[in-house]
Amino acid sequence: MRSHLLNDATAESYRRSVTEGVERVAAKLAATRRPFSGVTPAELAPVIDAVDLDRPLGDASAALDELEDVYLRDAVYFHHPRYLGHLNCPVVIPAVLGEAVLSAINSSLDTWDQSAGGTLIERKLVDWTTGRIGLGPAADGVFTSGGTQSNLQAMLLAREEAKTKDLAKLRIFSSECSHFSVQKSATLLGLGADAVISIPVDRNKRMQSVVLAAELEACRAEGLVPMAIVATAGTTDFGSIDPLPEIAALADEYGAWMHVDAAYGCGLLASRTRRHLLDGIERADSVTVDYHKSFFQPVSSSALLVRDGATLRHATYHADYLNPRQAGDMGAPATPEGLWGKIPNQVDKSLQTTRRFDALKLWMTLRVMGADGIGELFDEVCDLAREGHALLAADPRYDVVVEPQLSTLVYRYVPEAVTSPAEIDRANLYARKALFASGEAVVAGTKVDGRQYLKFTLLNPETTAADIAAVLDLIAGHAEQYLGETLVHA
Numbered sequence: 018m019r020s021h022l023l024n025d026a027t028a029e030s031y032r033r034s035v036t037e038g039v040e041r042v043a044a045k046l047a048a049t050r051r052p053f054s055g056v057t058p059a060e061l062a063p064v065i066d067a068v069d070l071d072r073p074l075g076d077a078s079a080a081l082d083e084l085e086d087v088y089l090r091d092a093v094y095f096h097h098p099r100y101l102g103h104l105n106c107p108v109v110i111p112a113v114l115g116e117a118v119l120s121a122i123n124s125s126l127d128t129w130d131q132s133a134g135g136t137l138i139e140r141k142l143v144d145w146t147t148g149r150i151g152l153g154p155a156a157d158g159v160f161t162s163g164g165t166q167s168n169l170q171a172m173l174l175a176r177e178e179a180k181t182k183d184l185a186k187l188r189i190f191s192s193e194c195s196h197f198s199v200q201k202s203a204t205l206l207g208l209g210a211d212a213v214i215s216i217p218v219d220r221n222k223r224m225q226s227v228v229l230a231a232e233l234e235a236c237r238a239e240g241l242v243p244m245a246i247v248a249t250a251g252t253t254d255f256g257s258i259d260p261l262p263e264i265a266a267l268a269d270e271y272g273a274w275m276h277v278d279a280a281y282g283c284g285l286l287a288s289r290t291r292r293h294l295l296d297g298i299e300r301a302d303s304v305t306v307d308y309h310k311s312f313f314q315p316v317s318s319s320a321l322l323v324r325d326g327a328t329l330r331h332a333t334y335h336a337d338y339l340n341p342r343q344a345g346d347m348g349a350p351a352t353p354e355g356l357w358g359k360i361p362n363q364v365d366k367s368l369q370t371t372r373r374f375d376a377l378k379l380w381m382t383l384r385v386m387g388a389d390g391i392g393e394l395f396d397e398v399c400d401l402a403r404e405g406h407a408l409l410a411a412d413p414r415y416d417v418v419v420e421p422q423l424s425t426l427v428y429r430y431v432p433e434a435v436t437s438p439a440e441i442d443r444a445n446l447y448a449r450k451a452l453f454a455s456g457e458a459v460v461a462g463t464k465v466d467g468r469q470y471l472k473f474t475l476l477n478p479e480t481t482a483a484d485i486a487a488v489l490d491l492i493a494g495h496a497e498q499y500l501g502e503t504l505v506h507a
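The numbering of the sequence shown is the numbering used here, which starts it at 18 and goes up by one.
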């Protein structure tokens, strides 16, 4: 069994196995003609259930053969131009190369003596990102598993920095279109979901700062404490960006922690033409970025950035075997030269202990493509969303909700013949499911004012306006089929 361990003696076997895996995936990507096979859980489950995990195949080639049947054949392929569903991006090759390297070396980013240069690379990328945001010289941050973890840690810091320890008095303000992780964080932090005050949005799905001001004043009048205001820079459903400068002014006035959830909109940090859409983000106390969305990185790659690095102490716990309180101790005797100096342990800033070197993927991307290269890709999909909006607005079959700020379009098929709103809901639901089952395209769904809508999340620069038009025709065909069959049955 030692022959399967990756080391100096098995380097050639590693090369052969990984090369074969890469070749198979490359062939699969080249041959993929649809984003999805259309397989159902009922069809695929027996195939996977039939695998006996206690009887190993003993051979990587055989395992790859089996993988074709249990995964590769039926995977949802985000690189396909007609994958228009969730906030999943196609990934750039330098990042995939970084993923291969970090998996093989297997550094853990909790302490210096497990990662060395990896620690400094992550810190360099944190500094690069805080510089792009404009958080100032005291800024710091840490990579996380995703936006939900980043938002949770931000709310933890806000809770600890609040002017009271009475949890019952703390309130968080976020828009009705903010991510569900805000409510989840409140619950996990002992505040309860009721501690989150939902602020209505305007017709462009942006937080209404006038209502926010009124709610903050009411909070103060009731003797409650405005712990945090969560502004969203790129809502999941609409890609809308809250009015950051107005929210920052209110956060200052009421002494609230300002957090900007830019998990989606962070790609604007690299844009040469749209960076102004994030004006005001530099006034935040903390910011969430998801590089695995608009920076075209493989999952997972996210970070929490803070204006004052000292606030990260609220996540710090010490263990003698890992990060002892004595800086530079590491259980070794001091040297005359002071070689260790102050040890940079990233675990001091993180909610996680063992943590992957996900920063390497972004490092490789920047070193190969540069920030402008990333920004150009994100600008392309934002431009495409504008084209898609024009198509929808001109198409009498569809009702489109808002003009996009980023790369999301929310719309609804509306039949020419008058029918009930509930029936239209069912037609849109049916069309989405039928489209997915066909494998021809993947779109997402959501609700607007209680009604069923469909959603394009455009993160693939290879998608064209012609792809969008074709998918709209497919949706209309499925919806019309459903309504026709319903009429016949009636």
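Note that CB positions come from ideal geometry on N, CA and C, so glycine has one too.
*With 16 other CB atoms within 10 Å as the buried threshold, where does E512 fall?*
Residue 512 lies beyond the stretch modelled for the chain, which goes from 18 to 507, so this question has no answer here.
_the ligand NAP and N362: does any heavy atom of the ligand fall closer than 6 Å to the residue's C-beta?_
The ligand NAP is not among the ligands present in this structure, which contains no ligands whatsoever.
_Candidates T57, V364, G387, R99, of which the one nearest L491 by Cα_ = Ranking T57, V364, G387, R99 by Cα distance to L491 puts R99 first.
_Does E420 come out as helix, strand or coil in the three-state DSSP assignment?_
Secondary structure of E420 (DSSP, three-state): coil.
*asked:* In this structure, how does DSSP classify F395 when only helix, strand and coil are distinguished?
replied: Reduced to three states, the DSSP call for F395 is helix.
*At a cut of 8 Å, does the stretch 271-285 reach the stretch 247-255 through at least three beta carbon pairs?*
The answer is yes - the stretch 247-255 touches the stretch 271-285, with three or more Cβ pairs under 8 Å.
*With a Cβ-Cβ cutoff of 7 Å, do M381 and L114 count as a contact?*
It is a contact, given that the beta carbons lie within the stated cut-off.
*State whether the stretch 30-45 contacts the stretch 427-445, with contact taken as three or more CB pairs (one from each stretch) at a distance under 8 Å.*
By the Cβ test, the stretch 30-45 is not in contact with the stretch 427-445, since fewer than three Cβ pairs between them sit closer than 8 Å.
_I'd like to know whether the C-beta atoms of V459 and P52 end up nearer to each other than 7 Å._
Yes, the pair counts as a contact, with Cβ atoms nearer than the cut-off.
*Taking the continuous beta strand (DSSP E) assigned at P243, which residues delimit it?*
Per DSSP, the unbroken beta strand (DSSP E) holding P243 starts and ends at 242-249.
*Name, in chain order, the residues that DSSP records as bridge partners for S319.*
DSSP output for S319 lists T161, D307 as bridge partner(s).
*Whose C-beta lies closer than 8 Å to the C-beta of D86 among residues of the same chain, with five residues either side of it excluded?*
Only V64 meet the Cβ criterion.
*asked:* Count Cβ pairs between the stretch 319-339 and the stretch 158-178 that sit closer than 8 Å; are there 3 or more?
replied: Under the three-pair Cβ rule at 8 Å, the stretch 319-339 counts as touching the stretch 158-178.
*S195 beta carbon less than 7 Å from that of T147*: It is not a contact, given that the beta carbons lie outside the stated cut-off.
*Buried or exposed for N445, please, with buried defined as at least 16 other CB atoms from any protein chain shown within 10 angstroms of its CB.*
Around the CB of N445, 16 or more other CB atoms lie within 10 Å, so the residue is classed as buried.
*asked:* Out of F197, Q314, A265, L74, which one is the CA nearest neighbour of A112?
replied: Restricting attention to F197, Q314, A265, L74, the CA atom closest to the CA of A112 is found in Q314.
*Rounded C-alpha distance that separates R449 from C106*: Straight across, the Cα-Cα distance linking R449 with C106 is about 20 Å.
*Whose CA, out of L104, F190, T328, V118, lies closest to the CA of A273?*
Just measuring C-alpha positions, the residue of L104, F190, T328, V118 sitting nearest A273 is F190.
*What separation, rounded to the nearest whole angstrom, lies between the Cα atoms of L61 and Y499?*
Within the model, the alpha-carbon separation for L61 versus Y499 is close to 26 Å.
*Name the two residues that bound the continuous alpha helix (DSSP H) containing L5.*
For the chain, the structure presents residues 18 to 507; residue 5 sits outside this window and is missing.
_Could you tell me the alpha carbon to alpha carbon distance between R41 and L89, rounded to whole angstroms?_
Between the alpha carbons of R41 and L89 lies a distance of about 9 Å.
*Same chain only: Cβ atoms within 8 Å of P438, ignoring 5 sequence neighbours per side*: Contacts found: R468.
*Let me know the alpha helix (DSSP H) ranges lying completely inside the stretch 241-301, each 4 residues or longer, listed in chain order.*
Secondary structure in the stretch 241-301: the alpha helix (DSSP H) runs of 4 residues or longer, each lying completely within the stretch, are 261-271 in chain order.
*By Cβ distance, which residues of its chain are closer than 8 Å to T352, with the 5 residues on each side in sequence left out?*
Confidence in T352 is poor, its pLDDT being 41 and thus under 50, which makes the residue's placement unreliable; the coordinate value appears in the next sentence. Closer than 8 Å at the Cβ level, and outside the excluded window around T352, lies no residue.
*A155, buried or exposed, once every other Cβ within 10 Å from all chains shown has been counted against 16*: Counting Cβ neighbours within 10 Å, A155 comes out exposed, since fewer than 16 surround it.
*asked:* My output table needs one value for F473: the three-state DSSP class, helix, strand or coil.
replied: Annotated three-state conformation of F473 is strand, per DSSP.
_Residue from D466, Y338, P262 whose Cα sits closest to the Cα of Q225_ = For the set D466, Y338, P262, the Cα lying nearest the Cα of Q225 is the one of P262.
*Do you know offhand how far E440's Cα is from W145's?*
E440 and W145 have their C-alpha atoms spaced approximately 51 Å apart.
_Taking its Cβ as the centre, do 16 or more other Cβ atoms sit within 10 Å of N340, making it buried, or is it exposed?_
Buried: at least 16 other Cβ atoms inside 10 Å.
*Return the Cβ separation of L126 and F312 in integer angstroms, given the expectation that the two are a contact with Cβ distance under 8 Å.*
With a beta-carbon spacing of about 18 Å, L126 and F312 fall beyond the 8 Å limit used to define contacts.
_For G501, the three-state DSSP class (helix, strand or coil)_ = Reduced to three states, the DSSP call for G501 is helix.
_Please report the straight-line C-alpha distance between G345 and A175, rounded to a whole angstrom._
Interpretation of G345 is limited by its pLDDT of 47, a score under 50 that renders its predicted location unreliable; no figure is taken from the coordinates.
*Counting pairs of Cβ atoms below 8 Å between the stretch 126-145 and the stretch 362-373, do you hit three or more?*
In short, these stretches touch, since the Cβ pair count reaches three.
*If you run the structure through DSSP and keep just helix, strand and coil, what is A351?*
Unreliable positioning characterises A351 in this predicted model, as indicated by a pLDDT of 45, which lies under 50. A coordinate reading is not provided.
*asked:* Is the separation between the beta-carbon of S215 and that of E193 shorter than 7 Å?
replied: Their beta carbons are under 7 Å apart, which means S215 touches E193 by this criterion.
*When the Cα of K359 is compared with those of I150, R342, E83, which residue comes out closest?*
Comparing alpha carbon positions, the residue from I150, R342, E83 closest to K359 is R342.
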